[in-house]
Amino acid sequence: MEGLPTTTQAERRWRSKNLQTSKPSLVMAFFSCVAWLYVAGRLWQDAENRTLLSNLLKKNIEQRPKVLTVEDKLMVLGCKDLERRIVEVEMDLTLAKSQGYLKHQLRQSESSSEQKLLAVIGVYTGFGSHLKRNTFRGSWMPKGDALKKLEERGVVIRFVIGRSANRGDSLDRNIDEENRKTKDFLILEGHEEAQEELPKKVKLFFSTAVQNWDAEFYIKVDDNIDIDLEGLIGLLERRRGQDSAYIGCMKSGEVVAEEGRPWYEPEWWKFGDEKSASLKTYAHDDISVGSWIMGVQATYIDDNRLCCSSIRQDKVCSEA
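Note that full-length UniProt numbering has the sequence shown beginning at 1, numbered continuously upward.
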């Protein structure tokens, strides 16, 4: 009888054995697939991170200056605090200078028992005035050790002169040689000595004197004036401590507008009701100083003992 196909016992054992053998293989294949997915994911994530870091690094390099500034170097070196302290010290030094604590002033205060000087007297002179200077040194102006002793009393006297238009020529060398012997010059290195530059000379003299010496008074004297030094010192002693005092032989009157007349002022039109408010130099040094003083709210003191041409017996100056 034809029957259905039958499975032999040997075939059943082979199939059962083959099924048992394939289960571990399936499990291993599953875990292999999972591991592959994990590794592929990590590799993709790492690649994305590398791309992100690369972009950030590139952007940072583009933004960073090719040359490090001082600020960058200080930050790298950790010197920011030191820089701040240096700035503070510099500000303190600037403040001290503005209040009069200059190197030259400290030396002057030491030589005058740490007291403020009474006066700095600048005597105008020129390259051709050697004989006049010697006359002054032999009359009212002390010299040598006597000049140093006067400074100990608080009074400094210096001949004031600029430099030659031809720097370093015989005129300059002669003044330098004379100053080495007498030590009684204030040489204005930034000023060119010339008659028409007298207003600028007086401005530079006052600014230089204030920087070099801390004094109650700063006095300008022309080289055609003799001084009663003790009388002048007494006059100033009685005015010591009077702030913003402008003392002199005050003169008033018309502004000379006619060329050729004494004290002619080419810019006469700037005076009167429409005064110029700028710090300007005029044709004459005394006029220039007077115009500057008008702008600093000084106390004007008209003392005719300083009128050198007067007939007063107690005047402290006279025309040489």
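Glycine is no exception: its CB is placed at the ideal position from the N, C-alpha and C atoms.
For this session: From the DSSP output, in three-state form, read off Ile175 for me.
Result: The residue you call residue 175 lines up with position 175 of the sequence shown. The answer is helix: DSSP assigns Ile175 an H, G or I state.
For this session: Determine the extent of the beta strand (DSSP E) in which Asp302 is found, giving its start and end residues.
Result: Residue 302 sits at position 302 when you count from the first residue of the sequence shown. Here the beta strand (DSSP E) through Asp302 covers Thr299 to Asp302.
Problem set entry | Identity of the residue in Lys116, Leu306 and Gln115 nearest Asp222 by Cα | One-based indexing of the sequence shown puts residue 222 at position 222. Selected option, being the one with the closest Cα: Leu306.
Problem set entry | 4 or more residues per run - each alpha helix (DSSP H) lying fully within the region 159 to 237 | Within the region 159 to 237, the complete alpha helix (DSSP H) segments at least 4 residues long are 170 to 182 and 198 to 212, listed from N- to C-terminus.
Exercise. Would you call the region 166 to 175 and the region 252 to 265 touching, i.e. three or more CB-CB distances under 8 Å?
Worked result: These segments do not touch.
Exercise. If you count every other CB in all the chains shown that lies within 10 Å of the CB of Thr125, and 16 or more means buried, which is it?
Worked result: Numbered from its first residue, the sequence shown carries residue 125 at position 125. That one is buried.
Exercise. By Cβ distance, which residues of its chain are closer than 8 Å to Asp314, with the 5 residues on each side in sequence left out?
Worked result: Taking the first residue of the sequence shown as position 1, residue 314 is located at position 314. So the qualifying residues of the chain are Gly231 and Arg305.
For this session: May I have the straight-line CA-CA distance separating Leu188 from Ala320, to the nearest angstrom?
Result: Start at 1 with the first residue of the sequence shown, and residue 188 comes out as number 188. Start at 1 with the first residue of the sequence shown, and residue 320 comes out as number 320. Each residue's Cα considered, the two are about 25 Å apart.
Problem set entry | Beta carbon of Leu186 nearer than 8 Å to that of Arg158 | Translated into positions along the sequence shown, residue 186 becomes position 186. Translated into positions along the sequence shown, residue 158 becomes position 158. Taking 8 Å as the cut-off, the Cβ atoms of Leu186 and Arg158 count as close.
For this session: Measure the alpha-carbon distance for Ser112 versus Thr182 and round it to whole angstroms.
Result: By 1-based counting over the sequence shown, the position of residue 112 is 112. By 1-based counting over the sequence shown, the position of residue 182 is 182. Residue placement at Ser112 cannot be trusted, given a pLDDT of 42 that sits under 50; what the coordinates show is reported in the next sentence. For Ser112 and Thr182, the distance between alpha carbons rounds to 20 Å.
Exercise. Can you pull the DSSP bridge partners for Leu150?
Worked result: Counting from 1 along the sequence shown, the entry for residue 150 is found at position 150. Beta-bridge analysis with DSSP links Leu150 to no other residue.
Exercise. Which term fits Leu117, buried or exposed, when burial requires 16 or more other beta carbons within 10 angstroms of its beta carbon?
Worked result: On the sequence shown, position 117 is the one that residue 117 refers to. Flag for Leu117 reads buried.
Exercise. Taking just the CA atoms, how far does Pro266 sit from Lys149?
Worked result: Mapped onto the sequence shown, residue 149 falls at position 149. Mapped onto the sequence shown, residue 266 falls at position 266. C-alpha separation (whole angstroms): 44 Å.
For this session: If I'm right that Gly122 touches Val160 with Cβ under 8 Å, what's the distance once you round it to whole angstroms?
Result: For the purposes of this step, residue 122 is identified with residue 122 of the sequence shown, where counting begins at 1. For the purposes of this step, residue 160 is identified with residue 160 of the sequence shown, where counting begins at 1. Between Val160 and Gly122 the Cβ distance is about 4 Å, and since that is below 8 Å, they are a contact.
Exercise. Which of the three DSSP states, helix, strand or coil, is assigned to Val255?
Worked result: Residue mapping note: residue 255 aligns to position 255 of the sequence shown, counting from 1. In the displayed model, Val255 falls within coil according to three-state DSSP, outside both helix and strand.
For this session: Please report the residue range of the alpha helix (DSSP H) in which Leu131 lies.
Result: In the sequence shown, residue 131 corresponds to position 131, counting from 1. Residues His130 to Arg137.
Problem set entry | Euclidean distance between Cα positions of Arg312 and Asn166 | Locating residue 312 in the sequence shown gives position 312, counting from the first residue. Locating residue 166 in the sequence shown gives position 166, counting from the first residue. If you draw a straight line from the Cα of Arg312 to the Cα of Asn166, it is about 44 Å long.
Problem set entry | Among Asp243, Ser129 and Arg180, the one whose alpha carbon lies nearest that of Gln297 | In the sequence shown, counting from the first residue as 1, residue 297 sits at position 297. Scanning Asp243, Ser129 and Arg180 for the CA closest to the CA of Gln297 turns up Asp243.
Exercise. So Ala245 packs on Thr299, CB below 8 Å; how close in whole Å?
Worked result: What you label residue 245 is simply residue 245 of the sequence shown in a count that begins at 1. What you label residue 299 is simply residue 299 of the sequence shown in a count that begins at 1. The pair is a contact, with the Cβ atoms about 5 Å apart (cut-off 8 Å).
For this session: Name the residue from Ser310, Phe127, Asp228 and Ser309 whose alpha carbon lies nearest to the alpha carbon of Ala194.
Result: Position 194 of the sequence shown, counting from 1, holds the residue named residue 194. Ranking the options by Cα distance to Ala194, first place goes to Phe127.
Exercise. To which residues of the same chain is Phe217 closer than 6 Å at the C-beta, ignoring the five residues directly before and after it?
Worked result: The count along the sequence shown starts at 1 and reaches residue 217 at position 217. The residues Ala119 and Leu236, in chain order, have a CB closer than 6 Å to that of Phe217 in the same chain once the five nearest residues on each side in sequence are set aside.
For this session: Give me the Cα-Cα distance between Met141 and Ser318, rounded to the nearest whole angstrom.
Result: Residue 141 sits at position 141 when you count from the first residue of the sequence shown. Residue 318 sits at position 318 when you count from the first residue of the sequence shown. In this model, Met141 and Ser318 are separated by some 14 Å (Cα to Cα).
Problem set entry | Length of the line joining the Cα atoms of Phe205 and Gly190 | Walking along the sequence shown from the start, residue 205 turns up at place 205. Walking along the sequence shown from the start, residue 190 turns up at place 190. Straight-line Cα distance between these residues: approximately 10 Å.
For this session: Identify the continuous beta strand (DSSP E) that holds Tyr264 and give its terminal residues.
Result: Taking the sequence shown and counting its residues from 1, the one referred to as residue 264 is at position 264. The continuous stretches of beta strand (DSSP E) do not include Tyr264, and DSSP gives it neither H nor E.
Problem set entry | Endpoints, the beta strand (DSSP E) within which Ile247 is located | By one-based count along the sequence shown, residue 247 stands at place 247. Counting along the chain, the unbroken beta strand (DSSP E) around Ile247 starts and ends at Ala245 to Gly248.
Problem set entry | Beta-carbon gap between Ile225 and Asp303 smaller than 8 Å | Counted from its first residue, the sequence shown places residue 225 at position 225. Counted from its first residue, the sequence shown places residue 303 at position 303. Not closer than 8 Å, so no.
Exercise. What separation, rounded to the nearest whole angstrom, lies between the Cα atoms of Glu177 and Arg133?
Worked result: The residue labelled residue 177 in the question sits at position 177 within the sequence shown. The residue labelled residue 133 in the question sits at position 133 within the sequence shown. Cα to Cα, Glu177 sits roughly 14 Å from Arg133.
Problem set entry | Straight-line gap, Val316 to Lys143 (C-alpha atoms, nearest Å) | Within the sequence shown, residue 316 is the residue found at index 316, counting from 1. Within the sequence shown, residue 143 is the residue found at index 143, counting from 1. Going from the Cα of Val316 to the Cα of Lys143 covers about 20 Å.
Problem set entry | Classification of Ile301 by the beta-carbon crowding that lies within 10 angstroms, buried from 16 upward | The residue you call residue 301 lines up with position 301 of the sequence shown. Burial call: exposed.
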